[in-house]
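Chemist: Supplied in structure tokens, the structure appears directly below.
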Amino acid sequence: MRDASQIEDGKIDLIGPDVDQLAEKVKSLPLGILIEVAGRKLQKDFEPILERQLHRFFNYCMGVMHIGQRDMNWIRISKDAFAKGLRIKHLGIVLHAMIHEEFGAIADKVQVTLFTREEDVQRELIRARQVYAERDERLSGMTDESVDTFYSCELCQSFAPNHICVITPEKVGLCGAYSWLDTKAAYEIAPSGGNKPIPKGECLDSVNGEWASVNAYVNLRSNRTLERFSMYSMVNNPSTSCGCFECIMAVIPEANGIMVVHRDFSGMTPCGMTFTTLAGSVGGGIQTPGFLGVGKIYLTSNKFISADGGLRRLIWMPKELKELLGEKLIKRVREIGEPDLIDKIADETIATTSEELMVFLEKVKHPALTLPPLF
């Protein structure tokens, strides 16, 4: 959000090379997108709501695919769209037009800057991650029990028509970008949009996190494909997964625990699949017991698969993801009385196969080995 005097409506800047300036063998570019918006009715809390709409706006473009959110996303331009003249700068024109079209009541000026040089992207990324951390902190102290309404998010139904995110104070959207406060504000801005309130009503199972009203809503909005939906379990009627998830969790049966891998990790995992292969199996709006797409900050929630044993089940994650979660994860393992759990969670430097993982877990006496069976 900016003061109106600071920006120029319709100004689109590309800092760095466009796709037609790449060497023939170069297949990808770093990309940072800064959208500056001014409006008399604009509020700071509306920033993440507008930002999440980029997912839809990009996917409206013929030949463009957008998956993910925040600092974990992929944008692809087809060769056919490129041949017809589509360039990165045109994406800025689309964003300017769509924000005015859909949010003209609150946005008076829109200016877009696109960065395609690594040093510029890294500089802006530092600032962006500070903002993301501030957004996540807004929910500090709120619990699922402290509210009488959850919210849905259906923004991914363009490519996962049966998928529904149910967002609570202690469970962010799978993309990691939409919190309970964001969906609440989004509904107030656009009541007919992709976020709707779900009154909690009767609780059917407080352990697994199952409510009659949530079941009814998810059944209706999933095109009648889901009958039951558990908020706090990944093995008993878990949430569906779309394709924008920041992380994928998978059960490792022989270890009686779970692994988690984030979108930016391209290596092999102990379940025998890379992130991309897992995404092809888990995404698309299907309910897959033993697998679950999540936002990375959910790993530090009190409700993190609480029905299945919580963080004590976590046995493997990439080293980078540990570092991204940092102090939040360290604080959480202390709160559950497992201060040395971080060191007992393997990463790719320790194990990339289930056999290597089992040797390590037994050596460090990981608590997952003594928990009740997951299945």
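Quick note: the sequence shown uses numbering that gives the first Met the number 0, first residue 0, plus one each step.
All C-beta atoms in this analysis are idealised placements derived from N, C-alpha and C, irrespective of residue type, glycine included.
Under the DSSP definition of a beta bridge, which residues are partnered with Cys152?
Modeler: Paired residue(s): Cys164.
Chemist: Determine the extent of the alpha helix (DSSP H) in which Asp119 is found, giving its start and end residues.
Modeler: Its alpha helix (DSSP H) spans residues 117-136.
Chemist: Under 8 Å between the Cβ atoms of Val111 and Gly84?
Modeler: No.
Chemist: Between the alpha carbons of Thr348 and Lys318, how many angstroms are there, rounded?
Modeler: Going from the Cα of Thr348 to the Cα of Lys318 covers about 8 Å.
Chemist: Going by the beta-carbon positions, is the gap between Ile11 and Lys88 smaller than 8 Å?
Modeler: Yes, the Cβ-Cβ distance between Ile11 and Lys88 is below 8 Å.
Chemist: Counting pairs of beta carbons, one from the region 213-222 and one from the region 41-53, are three or more of them closer than 8 Å?
Modeler: The region 213-222 is not in contact with the region 41-53.
Chemist: For Phe102, does the count of other Cβ atoms within 10 angstroms reach 16, so buried, or fall short, so exposed?
Modeler: Looking at its Cβ environment, which holds 16 or more other Cβ atoms inside 10 Å, Phe102 is buried.
Chemist: What do you get for Phe149, buried or exposed, if any count of 16 or more other CB atoms within 10 angstroms of its CB means buried?
Modeler: The residue in question, Phe149, is buried, as its Cβ has 16 or more Cβ neighbours within 10 Å.
Chemist: From the DSSP output, in three-state form, read off Asp204 for me.
Modeler: Asp204 falls in the strand class under three-state DSSP.
Chemist: By DSSP, does Leu262 sit in helix, in strand, or in coil?
Modeler: The displayed chain sequence assigns Arg, not Leu, to residue 262. Arg262 falls in the coil class under three-state DSSP.
Chemist: With DSSP run on the structure shown, which of helix, strand or coil describes Val36?
Modeler: If DSSP states are grouped into helix, strand and coil, Val36 belongs with the strands.
Chemist: Relative to the alpha-carbon of Glu326, which residue among Glu7, Glu136, Glu23 has its alpha-carbon at the smallest distance?
Modeler: Ranking the options by Cα distance to Glu326, first place goes to Glu136.
Chemist: Verify whether the separation of the beta carbon atoms of Leu324 and Lys295 is less than 8 Å.
Modeler: The answer is yes: Cβ separation under 8 Å.
Chemist: Which one of Val25, Asp19, Phe114 has the shortest CA to CA distance from Ala82?
Modeler: Closest by alpha carbon: Asp19.
Chemist: Could you please give the first and the last residue of the uninterrupted alpha helix (DSSP H) stretch that includes Val217?
Modeler: Here the alpha helix (DSSP H) through Val217 covers 211-220.
Chemist: Taking the C-alpha atoms as reference points, what is the distance between Gly279 and Glu201?
Modeler: Each residue's Cα considered, the two are about 35 Å apart.
Chemist: For the region 225-288, which segments carrying the alpha helix (DSSP H) assignment without a break, of at least 4 residues, lie completely within its bounds, in sequence order?
Modeler: Fully enclosed alpha helix (DSSP H) runs of 4 or longer: 274-281.
Chemist: Can you tell me which of the three DSSP states Leu113 falls into?
Modeler: If DSSP states are grouped into helix, strand and coil, Leu113 belongs with the strands.
Chemist: Using a Cβ-Cβ cutoff of less than 8 Å, which residues in the same chain neighbour Leu124 once the five nearest sequence positions on both sides are dropped?
Modeler: Here the set comprises Gly31, Asp70.
Chemist: From Glu354 to Val259, what does the alpha carbon distance come to, in whole angstroms?
Modeler: Going by the C-alpha atoms only, they are around 17 Å apart.
Chemist: Over what stretch of residues does the beta strand (DSSP E) that includes Asn72 continue unbroken?
Modeler: Asn72 -> beta strand (DSSP E) spans 71-76.
Chemist: Using DSSP with H/G/I as helix, E/B as strand and the rest coil, what is Met357?
Modeler: Looking at Met357 - three-state DSSP - the assignment turns out to be helix.
Chemist: With respect to the beta strand (DSSP E) encompassing Pro198, which residues constitute its N-terminal and C-terminal limits?
Modeler: Taken as a continuous stretch (DSSP letters only), the beta strand (DSSP E) holding Pro198 covers 196-198.
Chemist: Between Glu117, Pro29, Gly289, Met97, which lies nearest to Cys60 when the distance is taken from Cα to Cα?
Modeler: Answer by Cα proximity: Met97.
Chemist: From Leu28 to Met64, what does the alpha carbon distance come to, in whole angstroms?
Modeler: Going by the C-alpha atoms only, they are around 15 Å apart.
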